[in-house]
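So the structure is just underneath, and the comments pick up after that.
Protein chains: 2
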Amino acid sequence: MTVNERVSALRVLMKKNGLSAYIIRGTDPHASEYMAPHWMEMSWITGFLGESGTAVVTMDQALLWTDSRYYLQAGEELKGSEYKLMRESDVDCPTIAEWLLSTFNFQLSTKIGVNPEMYSIDGYRLLQTELEDGGLRLMSIDLIAPIWTEGRPDIPMNPLYIYEDCYAGERVGAKLERVRDMLSAHRCDALVIAELDEIGWLLNIRGTDVDYTPCVIAYCVVEKTRCTLFVDSRKVCDADAAVLRGKGVELMPYHAVFDYLKNISATRVMMDGNRVNEALYECVLSSVSHAACKVVTPSPLQVMMSVKNDIELAGTRLAMRQDAVALTRFFRWLETEALQSPQTEITLADRLHAYRAMGTHFTDESFGTIAGWNANGAIVHYAAKPESCAAITGNGVLLLDSGGQYLDGTTDITRTVWVGDEKAIPAQLKRDFTLVLKGHIALARARFPKGTRGNQLDVLAHQFMWAEGVTYGHGTGHGVGHFMGCHEGPANIRTDNNTNPIHLGNVFSDEPGIYRAGEYGIRTENLIATRQAAPSPRSTGETYYEFETLTLCFYDKRLMEFSMLTPDEVAWINDYHAWVEREVTPLLNEDEAAYLHTKCLPI
Amino acid sequence: MTVNERVSALRVLMKKNGLSAYIIRGTDPHASEYMAPHWMEMSWITGFLGESGTAVVTMDQALLWTDSRYYLQAGEELKGSEYKLMRESDVDCPTIAEWLLSTFNFQLSTKIGVNPEMYSIDGYRLLQTELEDGGLRLMSIDLIAPIWTEGRPDIPMNPLYIYEDCYAGERVGAKLERVRDMLSAHRCDALVIAELDEIGWLLNIRGTDVDYTPCVIAYCVVEKTRCTLFVDSRKVCDADAAVLRGKGVELMPYHAVFDYLKNISATRVMMDGNRVNEALYECVLSSVSHAACKVVTPSPLQVMMSVKNDIELAGTRLAMRQDAVALTRFFRWLETEALQSPQTEITLADRLHAYRAMGTHFTDESFGTIAGWNANGAIVHYAAKPESCAAITGNGVLLLDSGGQYLDGTTDITRTVWVGDEKAIPAQLKRDFTLVLKGHIALARARFPKGTRGNQLDVLAHQFMWAEGVTYGHGTGHGVGHFMGCHEGPANIRTDNNTNPIHLGNVFSDEPGIYRAGEYGIRTENLIATRQAAPSPRSTGETYYEFETLTLCFYDKRLMEFSMLTPDEVAWINDYHAWVEREVTPLLNEDEAAYLHTKCLPI
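Right, here's the structure in full:
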């Protein structure tokens, strides 16, 4: 079947169902960051393989919305199909709702179809409101399953495993008790969970169903006296099933969740508006009233998960040491041996993966390594491809953003280093590197009262570069899961509005950057954990928080413009480097230790 | 009539109307900061004269909610009445909704009465939702007017006057055109305005109906081809009425607005949810449907008003020079002559008022001067009273927060100065003063991209004191009107969540502080205006904003701990002082200029 044939097959079903348009989204029912191929409906119907896009098919048009990262790729991959590319990063590009409204304006019988599993409750309701404002009606219906019958990959069927309490730091029973207390406090008696990280965290289970995030494809419903995990029975060995039952977790088939919710006898059901899909919500609505649904964004479960306990934090510190050994070995290799043979961005990433894989408890990378050489470093979501990646030759700057999943924690680190003749480092590069570093340090050193939000602190990382009219388009810090998703909410450190305060135990990245298109990219990233600050003798009594730096890897001093650093900043860097050397040296051989020592010498 | 007799009279009417409780708020129908006595219903029914409070009367209880600023005063003034004080700043104090819900829990016939003129649309709807969640019903009814018949002050009846275009900088016609364009863009064709500052700004009228803010008591409705000012005809002389009519403004009686809205024939009516009262909204709802009301918070009008035009900013710079002369004279008098005779906080404030009153275009103070000597300075909303104010004796620190209304602009400034023997200044006081000053300077020097919100910048002012575990309970910066309210929205610089970005032409205060209860208060405040930053040679192209400092008054160098200041901060202070001296000296006599010169000598 060609893409155009698929579109034609869809139109037959649209006509049969009286639909004027059908929307196909590049998401899955679990609001996942990394999707299993089974759910790549958007790619199947368009031929576009990028990670972010939404297709709209009408009786005489087919369109694909995607952002500027994918313009080039989409242009190539849509060739030969009837799809028109909608460049959603362009200011004059209409949103899907705007386009539908102008195309079908006030034709009151117009029905737009979507698969409700592919929309969050909030996303669906927002679209519905926008469309109804112009007289259009949204209809929940899956028209892809009936036509994508041949060659559709199965839902991943990898076994789950129990994540031991010694890593998780809290028993399932204790977590369930806290969740039930939380539900009572909100006058609710049931919680529907669709997001895989949340399920993994709550039930202390992990798996290998998707790349980078060790989660298990499942749904979960917590009630007053029951907790049900909806998961394919082939994924659970008898021993693990018994363990889960022993913890009060009943097992039911994955797809049984829909019927289960249609018959749920709860007084008030809590669901996360951003993480639970509309299909589940519609099932709940068929058994309880609107008023008996508490749709919250974010759900308190997300907040609970984001607060790492002492065992999790201790585990992360261990994982950081493993990561530090890999990084130290990698950078030593890069400086001393690597360039004796041809290297590319991909061979560097592979080498780093190999060093990481030697680490205790390493299971996987926590995301695809970004290795950007010179101009490629300026492409924020750059992913090197074998046929087009850059060769590492001559002088230049390497941006390396990578991370590991270790049984005891998740890491994420970016370092920008100079490769080649130190004398060739341009002054502007040093200035930019130092502006980034100053912001990175200012955030790491922040002290702030309980209740502070990340968007209040963000300016600390931006202030120095803003003074020179330079900024970056990504967030300053994202939450990081514990042996789980490398990006988690609900708090973060960004300029965007976000009402979620920073909690004790939250782990964030601290990653300002500067990107000069066609020249180079700079980013410096550590992970930091939120802890209570020691009381100050002059304090007027509030509770203050501060960050503990978790990541253990030197910064490239060759790229620093020392004259731009204050004495406080120099002292911070020297202290950090002394700590890195102290912590990592015992895990290195003599040559590696000597290398690290020179890298950590005080300024 | 005693307070208890008033409460009894209210209960008779409550019974007649089937109400279980009645709420009386300390607000007016215009969401005013300074209220005319006519609307002081809460004070009349309770005997409590504080500016902030809400009374609840049931058949057998009478309660007054107020915050910690007024605990003492309320305790005194409620004596002898049946009122119970509800201390709303205490963590365990229920909100009014919580108290009503627990008192009348699920008695489905319970009706709670309120005067809808005293609630904003948003406030009313929020209370309604909270009460309905527990089965209670809110009923709009004014039960105070029928019983407060004797001795009730009239609505102020002072004449309005035309605010000349040479001060306003934009003709009424041009403003109305912009408002109508804005309405069209929102698919609306009518705008209801209740807030007096907004009416004064839009129609270029001013008055003297309330203290401190030169506004006129009125309502206004803007439609596609009509603009109606609802104002008592006795306030408008024939000449001004003709001027207004010439600008396309029709006049109708103040109270006619209610009937007018009941019969409005608009397609879609815009109202500010926080500034338009529920009574007006209910009138609109009787002529158009819910869907035909666009309740927005804030209304685009507020944003338009907050963007000062070039004439307004030029006027403010002139007003600042007048203010600077008064402040220089005052501080010189304080240092050289004042203490030769007995002085109190009040005599100082009076003297400052007298100096200001000598200034060109001065009309009034922009708020009641806060003069806090030593421990009184630590009381954030301190208002000295003749019977209890402090005498200025010995060594100490004076916090002086004051401002003026000038025809060409509004000022607001706080300086904290040492009085007495310089050698007696405690080290902690200097440290605190310098932490405040460093934050004040960091905000003044901020540079940030277009679209930035004030809560992103707030940490710049807080960062140095937070590092020592010290903070302040008030906002860092409020918007300031132009010859209008000294506090305006919608943008501000606070820790609170606020989605409104900073616009070019916004004027804010920059006023961090530190308060040591029982010892002293420190606050340092300038007004700053938002302007476009000059393009930086290294910029990657975004539009950057920065602040222009407007206020012209030296900081007390005796209170600075120079060792805590960076070279950049010292340079900023020296530049500021040089500019103050340059701008103000031409307006001073020789002695005053010599005094200012010593105060502005470089560090």
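Sequence lines, in order, name chains A and B.
With my numbering, letter number 411 in the first sequence gets 411, and the count goes up by one each step, no holes.
With my numbering, letter number 371 in the second sequence gets 1371, and the count goes up by one each step, no holes.
Yeah, the Cβ is synthetic: ideal placement off N, Cα and C, and Gly gets one too.
The model shown is predicted, which means the values in this text are computed figures rather than measured ones.
Pairwise C-alpha distance: residue j and residue i
i	j	result
residue 75(A)	residue 85(A)	7 Å
residue 528(A)	residue 502(A)	12 Å
residue 1059(B)	residue 1404(B)	46 Å
residue 612(A)	residue 569(A)	Shown here, chain A extends from 1 to 603; a query on residue 612(A) therefore has no answer.
residue 390(A)	residue 92(A)	34 Å
residue 368(A)	residue 362(A)	15 Å
residue 1089(B)	residue 1066(B)	8 Å
residue 282(A)	residue 217(A)	21 Å
residue 1344(B)	residue 1388(B)	10 Å
residue 1290(B)	residue 1122(B)	14 Å
residue 1581(B)	residue 1563(B)	25 Å
residue 559(A)	residue 437(A)	10 Å
residue 46(A)	residue 55(A)	7 Å
residue 1199(B)	residue 1120(B)	17 Å
residue 1011(B)	residue 1124(B)	22 Å
residue 182(A)	residue 300(A)	8 Å
residue 94(A)	residue 206(A)	41 Å
residue 171(A)	residue 408(A)	16 Å
Range of the contiguous alpha helix (DSSP H) that encloses residue i
i	result
residue 567(A)	567 to 584
residue 1305(B)	1300 to 1306
residue 1332(B)	1310 to 1336
residue 258(A)	256 to 262
residue 1004(B)	1003 to 1016
residue 174(A)	172 to 185
residue 227(A)	First-last for residue 227(A): 227 to 230, but that is the beta strand (DSSP E), not the alpha helix (DSSP H).
residue 88(A)	That residue, residue 88(A), is in no alpha helix (DSSP H); it is neither H nor E in DSSP.
residue 76(A)	71 to 77
As assigned by DSSP and simplified to three states, the class of residue i
i	result
residue 456(A)	helix
residue 1374(B)	helix
residue 1237(B)	coil
residue 29(A)	coil
residue 606(A)	Outside the modelled stretch of chain A, which goes from 1 to 603, sits residue 606(A), for which no answer is possible.
residue 607(A)	Because chain A is modelled from 1 through 603, residue 607(A) falls outside the range shown and cannot be assessed.
residue 1219(B)	strand
residue 408(A)	coil
residue 562(A)	helix
residue 1141(B)	coil
residue 93(A)	coil
residue 1152(B)	coil
residue 1356(B)	helix
residue 1534(B)	coil
Range of the contiguous beta strand (DSSP E) that encloses residue i
i	result
residue 1063(B)	1062 to 1066
residue 1025(B)	1021 to 1025
residue 1418(B)	1413 to 1419
residue 48(A)	Unbroken run through residue 48(A): none, as it is neither H nor E.
residue 399(A)	396 to 402
residue 521(A)	520 to 523
residue 195(A)	Residue 195(A) -> no beta strand (DSSP E), and no H or E assigned at all.
Whole-number beta carbon distance between residue j and residue i, since they are thought to touch under 8 Å
i	j	result
residue 478(A)	residue 500(A)	Not quite, the Cβ-Cβ distance comes to about 13 Å (not below 8 Å), so this is no contact.
residue 1440(B)	residue 1512(B)	6 Å
residue 474(A)	residue 380(A)	6 Å
residue 36(A)	residue 194(A)	In fact, because the Cβ distance is near 14 Å, the residues do not count as touching under 8 Å.
residue 161(A)	residue 240(A)	7 Å
residue 1269(B)	residue 1294(B)	7 Å
Runs of beta strand (DSSP E) lying entirely within the segment 1454 to 1512 of chain B, each at least 3 residues, in chain order: DSSP runs (the beta strand (DSSP E)) wholly in the segment 1454 to 1512 of chain B: 1477 to 1479, 1488 to 1493, 1507 to 1510.
Quick one: which unbroken beta strand (DSSP E) runs of 3-plus residues sit fully inside the segment 1099 to 1140 of chain B? Chain order, please. Listed in chain order, they are 1111 to 1114, 1137 to 1140.
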